[in-house]
Amino acid sequence: MQLSPTRRGARLARLLTTAHLGHWGLPTEAAAHIVAELAANAAAHGRVPGRDFRLSLTVSDTSRLRIELTDTRADRLPVPDTPGPYAESGRGLLIVEALADRWGVTEGPVPRKTVWAELDPVP
């Protein structure tokens with residue numbers, strides 16, 4: 101799914117994720133939070149005028165969900181931060197780290213980067 105790197109695009113990414121996973125009969129809550137954080141980061145930090153971000157949701161044979169969000173700012177790799185207790189932002193990747201079983205970044209092809217997260221099936 102290709103979406104605009106705006107707050108509206110980030111919101112749509114979350115809504116589409118919930119709709120797709122619900123249709124597939126998969127849990128939606130953790131994935132929706134992860135997509136919301138990654139899409140918000142793409143809109144805030146990965147935005148290049150005229151270039152969208154791409155959201156991909158795939159389910160493996162073992163029911164592992166892989167979320168991939170690709171933007172065109174490979175020069176800005178995400179790094180979890182420890183914000184101060186009164187900071188109003190900066191916790192997105194900490195949320196992703198807490199909810200995902202694994203997450204990371206794949207660089208390329210230039211100028212792209214893909215931030216991904218995986219959720220193992222719930223037993």
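Count the sequence shown with our numbering and you get residues 101 to 223, in order. Ideal Cβ placement from N, Cα and C applies to all residues, glycine included.
Per DSSP, the continuous alpha helix (DSSP H) segment holding residue 122 begins and ends at 107-124. Taking C-beta separations shorter than 7 Å and ignoring five residues to either side along the sequence, the partners of residue 131 in its chain run 117, 121, 165, 167 and 219, following chain order. Apart from sequence neighbours up to five positions away, the residues of its chain that approach residue 181 with a beta-carbon distance below 6 Å are 190, ordered along the chain. Counting along the chain, residue 217 sits inside no alpha helix (DSSP H); it lies in the beta strand (DSSP E) bounded by residues 213-219. By the C-beta density criterion, residue 158 is exposed, having fewer than 16 other C-beta atoms within 10 angstroms. In the displayed model, residue 188 falls within coil according to three-state DSSP, outside both helix and strand.
Assignment of residue 177 by DSSP, reduced to helix, strand and coil, places it in the coil class. In the three-state scheme derived from DSSP, where H, G and I count as helix and E and B as strand, residue 196 is classed as helix.
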